[in-house]
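Novice: Take this structure first; my questions come after.
Residue numbers (our numbering): 140 to 224.
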């Protein structure tokens, strides 16, 4: 474990698990941490991009046709469940 920086506050169990994994993968501990952080950042940014795209898709109001369809769906649903509760 000579490659590990002492300034990172990492739980001992996690430190040991990462060292073991680095040895299994035959890479340095520093390389494993670098890969893990790169993957974390990539996934985080990917989720942020997805959330932004979803929000953008729902920003616009319904068109007149969509509003009419939604109203028809509500009426149809109301008729189906009327008296059920």
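Ideal placement from N, C-alpha and C gives every residue a C-beta, glycine not left out.
Bear in mind that the values here come from a model prediction, so they are computed numbers and not experimental data.
Pop quiz: residue 171 and residue 157 are said to be a contact at Cβ under 8 Å. What is the actual Cβ separation, rounded to whole angstroms?
Specialist: With 8 Å as the limit, residue 171 and residue 157 qualify as a contact, their Cβ atoms being about 6 Å apart.
Novice: Output the residue ranges of the beta strand (DSSP E) runs that lie fully inside the region 159–215 and measure 3 residues or longer, sorted by chain position.
Specialist: Runs of the beta strand (DSSP E) inside the region 159–215: none found.
Novice: Could you give the distance in angstroms between the alpha-carbon of residue 215 and the alpha-carbon of residue 188?
Specialist: For residue 215 and residue 188, the distance between alpha carbons rounds to 36 Å.
Novice: For residue 167 and residue 161, which I take to be in contact (beta-carbon distance under 8 Å), what is that distance rounded to the nearest angstrom?
Specialist: 6 Å between Cβ atoms; contact.
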